[in-house]
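Q:
Chains as they are written, first to last, in my numbering: chain A, 430 to 1047; chain B, 591 to 1075.
1. Taking its Cβ as the centre, do 16 or more other Cβ atoms sit within 10 Å of residue 651(A), making it buried, or is it exposed?
2. Leaving out the 5 sequence neighbours to the left and right, which residues in its chain are closer than 6 Å to residue 720(A) when beta-carbon positions are compared?
3. Rounded to whole angstroms, what's the CA-CA distance from residue 908(B) to residue 927(B)? Just pull it up for me.
4. Tell me, which residues are paired with residue 959(B) by DSSP?
5. In whole angstroms, what separates the C-alpha of residue 677(B) from that of residue 825(A)?
6. Could you tell me which residues DSSP puts in a beta bridge with residue 795(A)?
7. Check whether the stretch 645-659 of chain A and the stretch 513-522 of chain A are in contact - that is, three or more C-beta pairs closer than 8 Å.
8. List the residues of chain A that residue 878(B) touches, going by C-beta distances under 7 Å, in chain order.
9. Does the Cβ of residue 502(A) have 16 or more other Cβ atoms within 10 Å, making it buried, or fewer, making it exposed?
10. Under a three-way DSSP split, which group does residue 893(B) fall into?
11. Around the Cβ of residue 717(A), are there at least 16 other Cβ atoms within 10 angstroms (buried) or fewer (exposed)?
12. According to the Cβ coordinates, are residue 1016(B) and residue 646(B) closer than 7 Å?
13. Counting only beta-carbon atoms, is residue 737(A) nearer than 7 Å to chain B?
14. Start and end of the beta strand (DSSP E) containing residue 734(A)?
15. Who are the near neighbours of residue 994(B) in its chain, counting only those whose CB is closer than 8 Å to its CB and skipping five residues on each side?
16. Find out if the Cβ-Cβ distance for the pair residue 1011(B), residue 834(A) is shorter than 7 Å.
17. Does the beta-carbon of residue 1036(A) have 16 or more other beta-carbons within 10 angstroms, so that it is buried, or is it exposed?
18. Against chain B, which members of the stretch 494-523 of chain A pass a CB distance test of less than 8 Å?
19. Only counting the same chain, and skipping five residues up and downstream in sequence, which positions put a Cβ closer than 6 Å to that of residue 816(A)?
20. Using CA atoms only, rank isn't needed, just tell me which of 690(B), 984(B), 607(B) is closest to residue 671(B).
21. Report buried or exposed for residue 438(A), applying the criterion of at least 16 other Cβ atoms within 10 angstroms of its Cβ.
22. Please identify, using Cβ separations under 9 Å, the residues of the stretch 610-641 of chain A that lie next to chain B, in order along the chain.
23. Between which two residues does the alpha helix (DSSP H) harbouring residue 642(A) extend?
24. Measure the CB-CB distance between residue 699(B) and residue 742(B) and report whether it falls below 7 Å.
25. For residue 848(A), count neighbouring C-beta atoms within 10 Å of its own C-beta (all shown protein chains included) and say buried if the count is 16 or more, exposed if not.
26. From the DSSP output, in three-state form, read off residue 787(A) for me.
27. The alpha helix (DSSP H) that contains residue 571(A), what's its start and end?
28. Determine, using beta carbons only, whether residue 668(B) comes closer than 7 Å to chain A.
29. Where DSSP assigns a beta bridge to residue 795(B), which residues make up the other side?
30. Quick test of your reading: residue 930(B) and residue 812(B), contact by CB under 8 Å. State the CB separation rounded to the nearest angstrom.
31. Any C-beta of chain B sitting closer than 7 Å to the C-beta of residue 828(A)?
32. Tell me where the alpha helix (DSSP H) around residue 843(B) begins and ends.
33. How would you write the range of the beta strand (DSSP E) that residue 723(B) sits in, first residue to last?
34. Give the secondary structure of residue 450(A) by DSSP, where H, G and I count as helix, E and B as strand, and everything else as coil.
35. Using the beta-carbon count (16 or more within 10 Å), is residue 1022(B) buried or exposed?
36. Can you tell me which of the three DSSP states residue 896(A) falls into?
Written out as structure tokens, the structure reads:
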């Protein structure tokens, strides 16, 4: 008898009771998780310090604050995520309603690793809760102190019937995997990933695998040396190198290597002092087994600096290796320790060839002042994520999906992507029982004449290609920043416009003005918090206010108001089109979008982004 | 086999399949292929499944043409990088999601709709810029041969290839390493495919079957409901993965439903169903025997005639079916429609939930609340209310199963997403190192606080937010009031 069968069964029953589906329940659980983080901050920091000797700074930013940020994001967006997504229809289904329902899978298993024991468990958990699932959590037994806190304290903050924590080692995990789950989310190494997927295939369970890989880091000759060294060193030695997205090895030219070495040495001394062992800011290796493995890797190539180790403390000094051969042990496996080998290549082409020969990594880094080099690297390689000119900053953005490809995993999460990962997207079409005459077309006996008519209803035709008005231009021309522009206009456009409207109002209508001002400012602040300066409301409510004086807004703008309105309409519409330009850091090059939007002129290729279609492609 | 896969991979490595122009050109070539070879395609389908021209066209070719049109129009938009929202820390940087091809994709098609189930995924895979190996089912032999003949004539020979063969070849093929596998077929084989994929950590999309329930409410237009069900059930001789598998209704409706379906069948296929050009046959003898076995010991309301020589089974309805009987244990995949009497909607929901999650769910009712409730309280791959099959034809809806009916989805943009890797990209500049000082050790509490401020820009609006905003709003209002004096 499987020891976990009862646990899974009781969770499944809880799920079938429909308890986890209401938004209120999900929000309450997320609030619970938030309280767990707040109330147990100290014990969590202590546990992390005990397991990995993680400095509090690293624990705060890489574990606690990221989780909290995810929880807040989920709480803020839960309702919009849960909404049915209405989709476009063809002529035959014009009168019906077609939408994608986001429904929970059921009982989800989350298996977390030991290197970021809190982050890598709670962030998926947030997604699973937000999507309305019941969850079995399996923290890693290697990070035993955190495991203990999670096993003992976390269940007190969550609904006991819907969430369970299972403790144990590999044996327990394989017993657990024999059970049937509706989704499995696994973070760990590639070998175990295969086992998990094979186990999942027995029950046809969909999975997300977050695995590792050797993440290359290319340093171009043209770059700001010390800045590069700082960034590479910090990300490599963060958590003593035990990060799945850490830069694993550096590729650069021989000349660059000579310059980079002293800069790296300087960075390490600045960060951790003359004697890194006494620095409170350097973590330790998790276990004696891993210590021995990492220490074994020090034998590859030649130690440029560092190389000290202390078995007692499981300490390995920040180390840079040079003269490393491709066949050395350090280049065969993911290092997962504070060791940075530098390999020399002749230039960016050779670096790309080097990277492409190997398995697809989880992340890829390119440092260069020349954005062409960065984009070349991006276009010609494949990896889970990519960050130009920095380390793993891309995963601090919840708007970017985080996940691997090929050997570094499958599936993504973070933010909305977590929600989608743990939701089944159910295509729904609700028709009406009427209009049966229409359907008689499709029923047998078939006559050839039916066909043409039916085709015209179902088929998607090509629109004419030339001179499309700008509002029919494809999405990327319309500077779409998030898919919810429309919703956003509705939500905050009107009060925002109300504010502007009230500027142009004659008379002394304090109430009306105050009302608009309140919501107007509110919407601006919302926009600031949420969308980082890209807020431009659509002025349709202004037009309404003008067309129906006294009906919608209880005020009539007057003649001056009218001119103000007209001007602001033009201005705001214009601004909306510049939105994309504003978003990307005020690059004037982006203004070239304007002729594009108006007349669909050929793309001048100004932005250097890959895959932008030129006119001849359209 | 290994050599062929390696050759396709080598072609992908050249990067030829990536540019948008190339993808569009290939899609247009595919479009030309469907248009120019239409006669041959229809003939092959007629041979394999006795599909009449109209049937073959409206069930298969039309979907592919619609998908192609849709994809060719939207592709430039889909391949464009999607900008992502940024935090204060990354405000000056470029952040976007870049859809890139996965590599070599294997598409294993099914025999019941041998054209659309091979070509529709192929469209998505080409659109996403992948190299593709198509493995059509060996049961629909003529179509498989035809695809192997015409695809190389129109598409790039090195990037896209068709491999034909039986179980042995498929097993050999699955040993190779792919970057994505899309399999359409049965649950049993689905497990084997996924297990084989696990060896190479290949992501899979499985389009499997299942017993799709169809609930008929008391409050509904029975005439219309029965017409639509008859159409969907007996289309392709019941060999449709999303066909309504069984009917759930109140016992009192059973008689009327049988009558109405009987009438409709007569109207659709005439008195002599065997002579009707619009009615298909079972694919092979094995399946014919399987389906006729399901009829044993059942109460046949009408139909039930079979002819082994032509593999013909008449449209059949079974009444008062025992939920434990064989016909309710496996996917029927034939023109047999059991009716299961249930007391009410609650019992129907319970009945559905006790079983594996189906690929589709159909509900007929004038009461929209009931339909919404059925959607809310059950799970299935897709749903159509007051009709059958139609959600498949809408390419803005993802088509795919859940639980035992599969994983992953495709059609339209969803195909493109399935066959793409969404690579998150953040491009910073090497300047502004001052801002990074915050994160480097040696550390202090103030650094932690600042880091929190930057990373945690999403304040919990629920609590502080509203007060803050209200306060700001009032502040502005008061300032303006004072100014106007």
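Every residue, glycine too, gets a C-beta built ideally from N, C-alpha and C.
Just so it is clear, the structure is predicted and the values come from calculations on it, not from any experiment.
A: The short version:
1. exposed
2. 714, 743
3. 6 Å
4. According to DSSP, which records beta bridges pairwise, residue 959(B) is partnered with nothing at all.
5. 9 Å
6. 647(A), 817(A)
7. no
8. None at all; the shortest Cβ gap to chain A is about 22 Å.
9. buried
10. coil
11. exposed
12. no
13. no
14. 731-734
15. 777, 798, 800, 946, 947
16. yes
17. Low confidence applies here, because residue 1036(A) scores a pLDDT of 37, under 50, leaving its location unreliable; read the following figure in that light. When all chains shown are included, residue 1036(A) counts as buried.
18. 494, 495, 497, 498, 501, 502, 504, 505, 516, 517, 518, 519, 521, 522
19. 794, 822, 823
20. 690(B)
21. exposed
22. 611, 619, 622, 623, 624, 625, 626, 627, 628, 629, 630, 631, 632, 633, 634, 635, 636, 638, 640
23. Element bounds for residue 642(A): n/a, residue is neither H nor E.
24. no
25. buried
26. coil
27. Taken as a continuous stretch (DSSP letters only), residue 571(A) belongs to no alpha helix (DSSP H), as it is neither H nor E.
28. no
29. 772(B)
30. Rounded, the Cβ-Cβ distance is 17 Å, inconsistent with contact.
31. yes
32. 841-859
33. 721-725
34. coil
35. exposed
36. Because the pLDDT of residue 896(A) is 33, which lies under 50, any placement of that residue in the model is unreliable, and the question is left without a value.
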